[in-house]
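Asks: I have a structure I would like to understand better, so I am pasting it below and will then ask my questions one at a time.
There are 4 protein chains.
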Amino acid sequence: MLRVGVIGVGAMGTQHFLRIMNKINGATVTAVSDINEVRAKEVIAPFEGVRYIADPYALINDPEVDAIVIVSIDSTHEEYCLEAIKLGKYIFCEKPLSASAEGARKVVDAEMAGGKRLIQMGFNRRFDPAYEELKNIVVSGKLGEPLVAHCAHRNANYAPQYDDVIAVTGTAIHEIDTMSWLVGDYFVKAQSIFPKTSRHSKNPNLHDPQIVILTTASGMVINCEIWTNCQYGYDIRCEVLCEDGTATLPRPARVDVCTANTHYTGMTSDGLGYFAEAYDREFQAWADACNEGTFCSAAASAWDGYCAAVTTDAVLKSQKSGGIEEVPLTDRPEFYK
Amino acid sequence: MLRVGVIGVGAMGTQHFLRIMNKINGATVTAVSDINEVRAKEVIAPFEGVRYIADPYALINDPEVDAIVIVSIDSTHEEYCLEAIKLGKYIFCEKPLSASAEGARKVVDAEMAGGKRLIQMGFNRRFDPAYEELKNIVVSGKLGEPLVAHCAHRNANYAPQYDDVIAVTGTAIHEIDTMSWLVGDYFVKAQSIFPKTSRHSKNPNLHDPQIVILTTASGMVINCEIWTNCQYGYDIRCEVLCEDGTATLPRPARVDVCTANTHYTGMTSDGLGYFAEAYDREFQAWADACNEGTFCSAAASAWDGYCAAVTTDAVLKSQKSGGIEEVPLTDRPEFYK
Amino acid sequence: MLRVGVIGVGAMGTQHFLRIMNKINGATVTAVSDINEVRAKEVIAPFEGVRYIADPYALINDPEVDAIVIVSIDSTHEEYCLEAIKLGKYIFCEKPLSASAEGARKVVDAEMAGGKRLIQMGFNRRFDPAYEELKNIVVSGKLGEPLVAHCAHRNANYAPQYDDVIAVTGTAIHEIDTMSWLVGDYFVKAQSIFPKTSRHSKNPNLHDPQIVILTTASGMVINCEIWTNCQYGYDIRCEVLCEDGTATLPRPARVDVCTANTHYTGMTSDGLGYFAEAYDREFQAWADACNEGTFCSAAASAWDGYCAAVTTDAVLKSQKSGGIEEVPLTDRPEFYK
Amino acid sequence: MLRVGVIGVGAMGTQHFLRIMNKINGATVTAVSDINEVRAKEVIAPFEGVRYIADPYALINDPEVDAIVIVSIDSTHEEYCLEAIKLGKYIFCEKPLSASAEGARKVVDAEMAGGKRLIQMGFNRRFDPAYEELKNIVVSGKLGEPLVAHCAHRNANYAPQYDDVIAVTGTAIHEIDTMSWLVGDYFVKAQSIFPKTSRHSKNPNLHDPQIVILTTASGMVINCEIWTNCQYGYDIRCEVLCEDGTATLPRPARVDVCTANTHYTGMTSDGLGYFAEAYDREFQAWADACNEGTFCSAAASAWDGYCAAVTTDAVLKSQKSGGIEEVPLTDRPEFYK
């Protein structure tokens, strides 16, 4: 039974906590840390054997904690990862790995220096059955080489603080990791395009929707739309164009209703709910790997977290320049293959 | 240029009139008859060279009328057909061929006695591109022999006079002809099933929806739902189960809209509009055949009209008996092959 | 941690065993019984702490077994249920509850006599998210009262021993329970219809496909197709017709591929895989309820197992008579409400 | 009866000729011109009353020709239009209006000088029922203002001479006119992006697929993929993102077949067949307008042909520069409103 310490029980952290307590086989949470003590204690109250530990470093060092789940604010991920690496404890780290590409590089270097793969990044789509099927079809080669992908990442609404930076580091980052994993390539160029902005954009620093054009080392183009206030629901699209055909991510299976001169299908606005099965599988895979003392090869590594950080930096640069920017990435080190 | 006389310019007759005037190549209407003189004159007013002839027999016999379109009330179809056959003029007859199986047989016998195929029945679905594709797949044999078909014929609303009889002679009759054509077989048994009736059924003599189970000579079962007040739109379904797979009629191609936590597609309530392309093709094929002096082999013949009448009679009998009734049909005569 | 004893580790029993060991939170298997000792020991070999107990009664009575999962051959379910009821242990019983309606009644009576709800029937579709959404829409009433349902239950292939009896007791039984649950009603009439049989039916005692028409106490009709060798895949359909519209079960979400003048979507032939998520949720719900000492209200009870048995008996009678048969059911006892 | 002269009876010209002879009401072809006399005479042979006229100018000036259909090679469109304008005859001109933006401007100026709208451009999608529905939804405003459109224009295969220029002037030009019509705006910026090229591109001067990014005067972005050897079929996509939702062009309605562990839908490779209904409606509308002495307001005008030419020029410029290019267009003159 893997004993887990969770740092951060906001909306997503609470879901992760409950998931481990109620659905994951072979893992349990023994300690929780959060700057909001009241909330943290409410979250753990229904469960026996879960302690609140105010100091995240104390939690990481606690002898009854075998593995750490980091769901705290972005700026803290790097330091908690470094601390856990020092102790050789397993880490599940929500994106991003660090607030900067340099910070991400530090974590990668520390992990490599430690000689053991400890960090699983929370890029959940790698565990989504639909993305998994899509990747299998593309890598099977039966449609020939991939050339282009059209992606869309749409949220119904955003918090008021949402701006062009978060559109990239919090939203586009998912397409960056997923597409890189799906086609087994990394990015070398990035361009940001700003169309007319929706009246639903409340923040003057948010262009919405926006388009991000990414080019991989082999020349493939990822044509990615980011739309954070599409109003109508959470909606994730992906079509991969290969030389002999295309493969397209399905919409979720939902009941079709005929009524009032239409037939319609419900859509959720809940991004966490949309990928619930992917989250479950991601955490089960992590718990299984930790219990076996290995790293889940299907999961995103610290290196993937680093690549995402370097790529998002280039997109942010293009948002300002309006031009095509270089992504200074190199091939994956042996340690992460 | 085929000179057409139209008998009956109610809703459907007016559409047929306008179709010939505005869309059909090689045909024009020269005379119109209708018991409602005022309405008939309004319909023809915008067009030059179209006469109103009060007496349908005078219209049929008019020297400037080469071919007759019968869209008058059901009870008159038989007599107009017999008159036109006498003159050797081409006939487009809306279903039914006659109000009774005996009457339909009389028309068939008269046509056979005349020695020439003159009557094209208005079973429009035979000209619908989707049904045509469905039939092509089934008869290609690549899915093996057909075993069962599930059909649904749904209208949004019905006129108050609509009852269990019209549900069969006016509605189910389309499935009867279409399925018989699609699988190249005729019916030998019929059963009517009455589920709970919708509150939208205003007529105490209407069970709605209802199910009709038909068995063909070779043992295939047509499982057919008739629902005349489904409220939500005009909706036609058909799935054919063959030994190695199934083939299903598509929904019409309509725009998909994402909004307000759904994605939806419009549906029409207009049955005539739903099959507009089929009607166009049906009339073009009829005009072409008449101009060439032949019979359109894709179309329904008087024999098909007779078969439909015998089959609907058996369904009506089962509505009363609640049991499985025989359909007294035999194989198609050489004349109609 | 619920300690579970599993009786029967054939194909489905092994899946249930592995599910509890690998995916279910709060439960573990401590003992397994199977007439095939070699196979059973292979199944449990990779896991510590699981004993093989040859005698199922010994397993049921074992002090380290809190709850029983019955996946043995159909004829044994009744006796194992009765034994476990005697001991007040929780039971997860795969369908059917008994090989006969009388046997099922005995189990119901024993459970009621014991005064505690102990049996959860393995009708997994009640835990399928798509069926759940379908039921929610129907019971919400926003489409009005349900009138008819069209169902299809299709398997790609069947074992040679599959015959008309198993088509009902092993296959149609799922639609019987699911539709009864979905519309909150029970059946009063049943009719079996045999269309032309597929050449893929190897057993002279199997008509395939076949149609089962069921009428509920309130007059709703369930129009159900059973096709056990449709060749093309495992395929479950359900459309519920309500007074103001219809609701239809979706196909599973799978990638759409465009290639070679088609676009296609894969379908599975694996019925257990098709409903994998439903099985997971069903077992998690069962484990949670047992751990809390309650009965999962979403699940099928012994009473539901009894109703299914009485209904399948009537369908089998109609297979022989060719007519409409009564289903001798009454309203649900207070104990099971 | 409109008497039409057709210039050019290659693949598309022959289809247009046959369409007018067999399907269009109120028009007939009286003369045909083509540099290939043998072929032209074969095409007209089955029809009475159609003359072959070798010299296109003689055809345009022929007293039995009321209106001209121009389907000859692109470089000739401009001169034939100018000649017909001189005579005040109606013109149906396939795209492009001229081989250059300057030439297109000359035609526009000549038409304006003549004071009468004579030219209908063959931008057939404006008559496609699906695009029509899409436009109606967008301009209704119920989804708010349009912000972005994703388009794809895919052909199964291309002729060997197909290169980057034709990809724009022969293929992307359809999206350029259609989107401009659909959102009622014109383009001010254009960018061409070249992803990795498919191995199916036989021409070293063809990048395939390629992406064209167009910005309208109001800031809307059209994100358009051009893929001329996608292998799998003719496929046209369009999704319009509006502030409150999106609207998406449907796939054509085709039978769905379940077989061999898939369900699939056929796709055509025939672009002319794909839009057959649009071509029929386009020509019927043209014939009706000519017979009434008016211009069909739904159709593309010479001004639209000019706008398309200016826009394609800018895309071609970007193909060379790799950067974002200006499209030197201004608002529509009063004459064309």
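Chains as they are written, first to last, in this note's numbering: chain A, 1 to 337; chain B, 1 to 337; chain C, 1 to 337; chain D, 1 to 337. Every residue, glycine too, gets a C-beta built ideally from N, C-alpha and C.
(1) Is it buried or exposed for D/PRO63, if we count other Cβ within 10 angstroms and need 16 for buried?
(2) Looking only at C-alpha atoms, which of D/ASN229, D/ILE91 and D/GLN161 sits nearest to D/PHE199?
(3) Mind checking C/LYS196: buried by the 16 CB within 10 Å criterion, or exposed?
(4) C/ARG117: which of C/ILE137, C/ALA101 and C/ALA84 sits nearest, CA to CA?
(5) Along chain A, in chain order, which residues have C-beta atoms closer than 8 Å to that of B/MET121?
(6) Between the segment 178-206 of chain A and chain B, which residues of the former have CB atoms less than 9 Å from a CB of the latter, in chain order?
(7) Measuring alpha carbon to alpha carbon, tell me which of C/TYR90, C/TYR232 and C/ALA27 ends up nearest B/LYS142.
(8) Using 8 Å for Cβ pairs, my map puts D/ASN155 next to D/GLY271. What's the rounded Cβ distance?
(9) Against chain D, with Cβ distances strictly below 8 Å, would C/ALA260 count as a contact?
(10) With DSSP run on the structure shown, which of helix, strand or coil describes C/ILE137?
(11) Determine the DSSP secondary structure at D/PHE123, reduced to helix, strand or coil.
(12) Kindly indicate which three-state DSSP category C/ALA45 falls into: helix, strand or coil?
(13) With the cut-off set at 8 Å, would you say D/VAL148 and A/GLU225 are in Cβ contact?
(14) Using a Cβ cut-off of 7 Å, pull out every chain D residue sitting near A/GLY245, in sequence order please.
(15) Rounding to the nearest angstrom, what Cα-Cα distance links B/SER75 and B/ASN205 in this structure?
(16) Between the segment 236-253 of chain D and the segment 165-175 of chain A, are three or more C-beta pairs nearer than 8 Å?
(17) Out of A/ASP66, A/ALA104 and A/ALA45, which one is the CA nearest neighbour of A/GLY88?
(18) Hey, would you say D/VAL108 sits closer than 8 Å to D/TRP303, going by beta carbons?
(19) Rounded to the nearest angstrom, what separates C/ILE35 and A/ASN291 at their Cα positions?
(20) Does DSSP classify D/PHE187 as helix, strand or coil?
(21) Name, going along the chain, the residues of the segment 127-159 of chain D whose beta-carbon falls closer than 7 Å to a beta-carbon of chain C.
(22) Could you say which of A/GLU243, A/VAL6 and A/ARG105 lies nearest to A/ILE73 if we only look at CA atoms?
(23) Where do the ends of the alpha helix (DSSP H) carrying C/ASN291 lie?
(24) Mind checking who A/PRO146 pairs with in its DSSP beta bridge?
(25) Have a look at D/MET1, D/VAL32, D/ARG105 and D/ILE137 and flag the residue whose alpha-carbon is nearest the alpha-carbon of B/ARG254.
(26) Pull up the distance between the alpha-carbon of B/ALA99 and that of B/VAL315, whole angstroms please.
(27) In the DSSP assignment, the alpha helix (DSSP H) including D/GLY349 goes from what residue to what residue?
(28) From the beta carbon of A/HIS263, is the nearest beta carbon of chain B less than 8 Å away?
(29) Run through chain D and tell me which residues come within less than 9 Å of C/GLY266, C-beta to C-beta.
(30) Does any residue of chain A bring its CB to less than 8 Å from the CB of B/SER269?
(31) Please list the terminal residues of the continuous alpha helix (DSSP H) segment that includes D/THR76.
(32) Considering only the beta carbon of each residue, do D/ILE222 and D/GLN191 sit closer than 8 Å?
(33) Do C/MET112 and C/PHE275 have their C-beta atoms within less than 8 Å of each other?
(34) Mind checking whether A/MET12 and A/VAL71 have CB atoms under 8 Å apart?
(35) Using a C-beta to C-beta distance shorter than 8 Å, which residues of chain C count as neighbours of A/ARG254?
(36) Taking A/HIS16 as the reference, which of A/ILE44, A/MET1 and A/CYS242 has the closest Cα?
Replies: Put simply:
(1) Taking a 10 Å sphere around the C-beta of D/PRO63, we find fewer than 16 other C-beta atoms and assign the residue as exposed.
(2) One detail in the question is off: residue 199 of chain D reads as Arg in this sequence, not Phe. Answer by Cα proximity: D/ASN229.
(3) Residue environment: C/LYS196 is assigned as buried (16 or more neighbouring CB atoms within 10 Å of its CB, all protein chains considered).
(4) For C/ARG117, the nearest C-alpha among the options comes from C/ALA84.
(5) Close to B/MET121, with beta-carbon spacing below 8 Å, lies no residue of chain A; the smallest spacing is near 30 Å.
(6) So the list is empty, because no residue satisfies the distance condition.
(7) Per the C-alpha coordinates, the member of C/TYR90, C/TYR232 and C/ALA27 positioned closest to B/LYS142 is C/TYR232.
(8) Yes, they are in contact, since the Cβ atoms of D/ASN155 and D/GLY271 sit about 6 Å apart, within 8 Å.
(9) For C/ALA260, the nearest CB of chain D lies under 8 Å from its own CB, placing it at the interface with that chain.
(10) Of the three classes helix, strand and coil, the one that applies to C/ILE137 here is helix, per DSSP.
(11) Here D/PHE123 sits in coil by DSSP.
(12) Three-state result, C/ALA45: coil.
(13) Their beta carbons are under 8 Å apart, which means D/VAL148 touches A/GLU225 by this criterion.
(14) Neighbours of A/GLY245 in chain D, taken as residues whose beta carbon is under 7 Å from its own, are GLN231 and TYR232 in chain order.
(15) Cα to Cα, B/SER75 sits roughly 21 Å from B/ASN205.
(16) In short, these stretches do not touch, since the Cβ pair count stays below three.
(17) Of the candidates A/ASP66, A/ALA104 and A/ALA45, the one whose C-alpha sits nearest the C-alpha of A/GLY88 is A/ASP66.
(18) Inclusion of D/VAL108 and D/TRP303 in the CB contact set at 8 Å is warranted, their separation being smaller than that value.
(19) Using only the alpha carbons, I get a separation of about 33 Å.
(20) In the structure shown, the three-state DSSP call for D/PHE187 is strand.
(21) Listed by position, the residues of the segment 127-159 of chain D near chain C (Cβ gap below 7 Å) amount to none.
(22) With distances taken between Cα atoms, A/ILE73 lies closest to A/VAL6.
(23) Note, C/ASN291: alpha helix (DSSP H), 276-292.
(24) Answer by DSSP bridge pairing, in chain order: A/CYS242.
(25) Nearest C-alpha to B/ARG254: D/ILE137.
(26) Answer to the nearest angstrom: the Cα atoms are 15 Å apart.
(27) In the structure as shown, chain D starts at 1 and stops at 337, and residue 349 of chain D therefore has no counterpart that could be examined.
(28) Yes - at least one Cβ of chain B is within 8 Å of the one on A/HIS263.
(29) By Cβ distance, chain D contributes ASN261, THR262 and HIS263.
(30) At least one beta carbon of chain A lies nearer than 8 Å to the beta carbon of B/SER269.
(31) DSSP places D/THR76 outside any alpha helix (DSSP H), giving it a letter other than H or E.
(32) In this structure, D/GLN191 does not lie closer than 8 Å to D/ILE222 by Cβ.
(33) Going by C-beta atoms, C/MET112 is not nearer than 8 Å to C/PHE275.
(34) Yes, the pair counts as a contact, with Cβ atoms nearer than the cut-off.
(35) Ordered by position in chain C, the residues that pass the 8 Å Cβ test against A/ARG254 are ALA130, GLU133 and PRO250.
(36) Considering only alpha carbons, the answer is A/ILE44.
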